[in-house]
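Peer 1: The structure's right below; bear with me while I get my questions together.
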Amino acid sequence: MNPNKKNRLIKLLMEFYHIFGFLSILKESLQLIPRNGKLLALTCFLQILFSSILLSILNFELKFLFHDIILKTSILSTSIDDTFKIMEIIADIKEEFRIFLIIYVAILVSLSLISFLYTIATIILSSNINISLKEFVLKISNAFKYAFITRLYTNMLSIGYFFIVLFLLSPISISSSNIFLFSIGIFVGIISFIFFLYLSIVWILALLISVIEEDCYGIKAIEKAGRFIKGNGLNGFMLNILFSIISSLLYLCYLKINKPNKGVLTRYLCLYFWLLFLLCLIYCY
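Residues 37 to 321 in this note's numbering are what the sequence shown spells out, letter by letter.
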């Protein structure tokens, strides 16, 4: 083979590995699972169990509220002349909305807390160390405060970024009749989303650092993550895109199978085989 062609081929293979090296990182992370497999399985089970219970409560409350409102609206339509009864029904509906809002906020906060604790637990269990259940609980309690402070900072940064993008897009959205400005708005929106995916790598890494290193949290963890990600951001960025695509595919599959004629067992089996197929692809790589 011509030396120039050989060098070009090697360079092309190196670039290919550099771009798709994130799959090897994902494969290596999956190989860490057996080390603390039992604790990870227990953590996943508890996260799914509590999340399912809370979502079931929310679904039940929502159905009950709608059913009750429809019932009271029908009573309201037959009691036009009775002013006192109308006011009483309206007051009842307002009270039910207030109760539902309290329950909704409480469940939303609980789900966020469960997700946050699960993230901390996953980071701890992904370390290449065998730990007992007692050590595991102790590590979570120690890391919670530092990780929570870092999460507050990253949430504030993401909210600030959202408002900056909204501020930039608002003049363009007003001129939606202009095709050129509308196209620029779409382009800016896509670039903003891609840049957000890149920034989220730094924020996720900052959370990981705050769990692993107790003396490094908040802005300090974000700065350290930013320094670490310089020159190594492509793999994290590609992983982020991969998980975004997988999440979108799973959501589309859920919408497709979430029909009245489909049983609950069928839905969960479909999602399970989808996840199994994706994990097999990653492992075979």
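Every residue, glycine too, gets a C-beta built ideally from N, C-alpha and C.
Spatial neighbours of R322 within its chain, please: C-beta separation below 8 Å, excluding the five flanking residues on both sides.
Peer 2: The requested residue 322 does not occur in the structure, where the chain is confined to residues 37 to 321.
Peer 1: So what's I126 in DSSP terms, helix, strand or just coil?
Peer 2: Helix.
Peer 1: State the Cα-Cα distance for the pair F58 and K256, rounded to the nearest angstrom.
Peer 2: Only weak support is given to the placement of F58: the predicted model assigns it a pLDDT of 45, under 50, and the value that follows is read from those uncertain coordinates. The straight-line gap from Cα to Cα measures roughly 26 Å.
Peer 1: Quick one: measure Cβ to Cβ for Y140 and T79, integer angstroms, because I've assumed they're closer than 8 Å.
Peer 2: About 26 Å separates the two Cβ atoms, so there is no contact after all.
Peer 1: On a CA-only basis, which of S110, F203, A142, I122 is nearest V90? Give me that one, please.
Peer 2: According to the sequence shown, residue 90 is Leu rather than Val. Considering only alpha carbons, the answer is A142.
Peer 1: If you drop the 5 nearest sequence neighbours on each side, which residues of the same chain put their C-beta closer than 8 Å to that of L241?
Peer 2: Excluding residues within five positions, the ones whose Cβ falls inside 8 Å are A261, F264, I265, G272.
Peer 1: What first and last residue would you give for the alpha helix (DSSP H) that runs through G262?
Peer 2: It spans 255 to 265 - the alpha helix (DSSP H) in which G262 sits, taken as one unbroken run.
Peer 1: Distance check for I195 and I93, CA to CA, integer angstroms please.
Peer 2: Whole-angstrom Cα-Cα distance: 29 Å.
Peer 1: Alpha carbon to alpha carbon, what distance is there between I150 and G221?
Peer 2: In a straight line, the C-alpha of G221 is about 37 Å away from that of I150.
Peer 1: In this structure, how does DSSP classify N95 when only helix, strand and coil are distinguished?
Peer 2: The answer is helix: DSSP assigns N95 an H, G or I state.
Peer 1: Alpha carbon to alpha carbon, how far is F96 from F102? Give it in angstroms, no decimals.
Peer 2: Distance between the alpha carbons of F102 and F96 is about 10 Å.
Peer 1: Straight-line CA distance for V201 to L233?
Peer 2: Distance between the alpha carbons of V201 and L233: 14 Å.
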